[in-house]
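J.: Residue numbers (our numbering): 26 to 190.
To start, I am sharing the structure in question, which I have written as structure tokens.
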């Protein structure tokens, strides 16, 4: 999946980070989750700031010390407001990849950000607490990845059998 798809969020470029005064830490997923999980990232800010999200087909989980939100694929640009200084952790999934972890209709959250009550799985409501017990980005990514591996359900690849008349 990842050989054909390239996510792009301008805020995560050097110029975007500088413009919004953000610091980025970034890590790829383990071999099992590559092509499903795009990356883990952490944005650090010294002040409240908007975090622009540009439509690129991905779904994401946004995790702050007080809770988590799941963002469906977006069809228009929008800002997520980072309301206080500190670290915000995130998981970026390739398009349609949430189905490998959760039995949900991902189309039902297109253009939405929903809270942790949306996911019918054990432990998501506490994931933010588990992650923020650690100060290191890499420890937070490890906790998150272990949780994702517990939720992971291999699925057959989506097939686009198109027949021309």
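Virtual Cβ for every residue (Gly too), placed ideally from N, Cα, C.
Which value, in whole angstroms, describes the spacing of the CA atoms of residue 163 and residue 87?
T.: 16 Å
J.: From 143, 111, 105 and 112, pick the residue whose C-alpha is nearest to that of residue 123; which is it?
T.: 143
J.: Rounded to whole angstroms, how far is the Cβ of residue 177 from the Cβ of residue 126, which I believe are closer than 8 Å?
T.: About 6 Å separates the two Cβ atoms, so the contact holds.
J.: If residue 58 and residue 173 are in contact, beta carbons under 8 Å, what's the gap, nearest whole angstrom?
T.: Cβ-Cβ separation between residue 58 and residue 173: approximately 6 Å, consistent with a contact (criterion under 8 Å).
J.: Please tell me whether residue 117 and residue 63 are closer than 8 Å, where the distance is taken between their beta carbons.
T.: In terms of Cβ geometry, residue 117 and residue 63 form a close pair [threshold 8 Å].
J.: Roughly how many angstroms lie between the CA atoms of residue 155 and residue 165, to the nearest whole one?
T.: 8 Å
J.: Pull up the distance between the alpha-carbon of residue 73 and that of residue 47, whole angstroms please.
T.: Their backbone Cα atoms lie some 10 Å apart in a straight line.
J.: If you run the structure through DSSP and keep just helix, strand and coil, what is residue 144?
T.: coil
J.: Counting only runs of 3+ residues fully inside the stretch 77 to 144, write out the beta strand (DSSP E) ranges in chain order.
T.: 84 to 89, 92 to 96, 103 to 107, 111 to 118 and 138 to 140
J.: Here's the rule I'm using: 16 or more other beta-carbon atoms within 10 Å means buried, otherwise exposed. How should residue 76 be labelled?
T.: buried
J.: When you compare each of 55, 92 and 38 to residue 49 by their alpha carbons, which one comes out closest?
T.: 38
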